[in-house]
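Using our numbering, the first residue of the sequence shown is number 81, and each one after it goes up by one. First up is the structure itself, then whatever we jot down about it.
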Amino acid sequence: MSQVGVARVAVDRGRCCGSGNCVVAAPEVFDQDDTDGLVLLRQPEPTPEAAERVRRAVEVCPAGAIRLTSTTQP
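Structure below.
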């Protein structure tokens, strides 16, 4: 049986609207800049335990500013 894990996360601050949904979904991976409220990527290669929260952050981002690549891990 295989699991799908997050290999790498990327954010596009130019697209970010500062909603903060990503921070709520995965605070160990995302933060918000105190100056402009835009996304900050704290952990570009999240742990396997954070994979589901990162996928949720991608789903709830209203600006589509978060991308991820998935890899199948044994």
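From the three backbone atoms N, C-alpha and C, an ideal C-beta is built for every residue, glycine too. Values in this document were obtained by computation on a predicted structure and should not be read as measured data.
To which residues of the same chain is residue i closer than 6 angstroms at the C-beta, ignoring the five residues directly before and after it?
| i | result |
| --- | --- |
| L120 | D111 and D113 |
Could you pull out every residue in the same chain whose Cβ sits closer than 7 angstroms to the Cβ of residue i, ignoring the five residues on either side in sequence?
| i | result |
| --- | --- |
| V134 | V86, V89, A106, V109, P126 and L148 |
| C97 | P142 and A143 |
| C102 | F110, V119, A137, C141 and I146 |
| G100 | Q112 |
Start and end of the beta strand (DSSP E) containing residue i?
| i | result |
| --- | --- |
| V119 | V119 to L121 |
| D111 | F110 to Q112 |
Going straight from the alpha carbon of residue i to that of residue j, what length do you get?
| i | j | result |
| --- | --- | --- |
| D116 | G94 | 12 angstroms |
| A104 | P128 | It is worth fixing the name first, because residue 104 is Val in this sequence and not Ala. When rounded, the distance between both Cα atoms is 18 angstroms. |
| Q123 | V91 | 11 angstroms |
| L118 | E132 | 22 angstroms |
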